[in-house]
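Down below is the structure, laid out as structure tokens.
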């Protein structure tokens, strides 16, 4: 005969507190809390805004209306963004690599065993934050240039240049997404940042070296035309040099970064799902 105490022990435990089924919204809230509560976010995004706005305003002040007959109003933002993109990539790496460095990844995956949901939340929170901050900094410079140099000598300007600025902001955001994926694969902040700096800065150098070798000249020209600095220059309406050469379209730059970032993101999902931490 079972005792009353034994019968109570056999009953399933029921928590008096509500226990809703976890979903993506919970993961998004958790990742947003992490992003806004660490100093690296403030420093990286702050340096992005200060660089883009500071250098952009300096360029706007030292130009006149006639200069904008050849360039768009958002072009001054490019010069700061060529440096500021590094801050976006660093933030992308730190979004995940810092958790592995401090051991917080174990706590995160213990509290949320669905690793794919956690990684998806990281990508979404980072992408939205990086795109909004980049786009806002670029928009400030574009408006400042338009207000300061809106005379007849500046020529006609359409909405296409603002769409190009949005595409450029998206391009930089995708570079950050690529950095986050590399951080998930490498799981080391310094190593992942070094990889991203190499991916952004080395192609123009490698392309120039290959162009001097006759057998690889065509490959060298392709590398020179398809890299991050050239893509941003084209998206922001800055002439890229020899007008006689057939420049790749802005769409081709976007397709290339989407393919590269997409492949890295896919690899990060496979890696995070297979590794122990």
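Numbering (the working numbering), first residue to last: 774 to 1050. The beta carbon of each residue, even a glycine, is placed where N, CA and C say it ideally should be.
Tell me the DSSP secondary structure of residue i in three-state form.
i, result
"residue 1011", "coil"
"residue 1002", "helix"
"residue 985", "coil"
"residue 844", "coil"
"residue 956", "helix"
"residue 932", "coil"
"residue 886", "coil"
"residue 799", "helix"
"residue 827", "helix"
"residue 993", "helix"
"residue 900", "helix"
"residue 942", "helix"
Is it right to say residue i is buried, meaning 16 or more other beta carbons lie within 10 angstroms of its own, or is it exposed?
i, result
"residue 985", "exposed"
"residue 1024", "exposed"
"residue 1041", "buried"
"residue 920", "exposed"
"residue 982", "exposed"
"residue 1008", "buried"
"residue 932", "exposed"
"residue 886", "exposed"
"residue 896", "buried"
What are the boundary residues of the alpha helix (DSSP H) that residue i is part of?
i, result
"residue 849", "849 to 875"
"residue 794", "Residue 794 -> no alpha helix (DSSP H), and no H or E assigned at all."
"residue 811", "It is not in any alpha helix (DSSP H) - residue 811 carries neither H nor E in the DSSP assignment."
"residue 1025", "1023 to 1047"
"residue 836", "From DSSP, residue 836 is part of no alpha helix (DSSP H); its letter is neither H nor E."
Among the options, which residue has its Cα nearest to the Cα of residue i?
i, options, result
"residue 906", "998, 817, 839 and 1009", "817"
"residue 945", "828, 918, 886 and 900", "900"
"residue 840", "918, 874, 912 and 812", "918"
"residue 827", "937, 883, 807 and 857", "857"
"residue 926", "797, 1032, 1029 and 836", "836"
"residue 914", "1047, 1046 and 831", "831"
"residue 962", "862, 1036 and 1048", "862"
"residue 875", "1048, 848, 960 and 851", "960"
"residue 815", "937, 867 and 803", "867"
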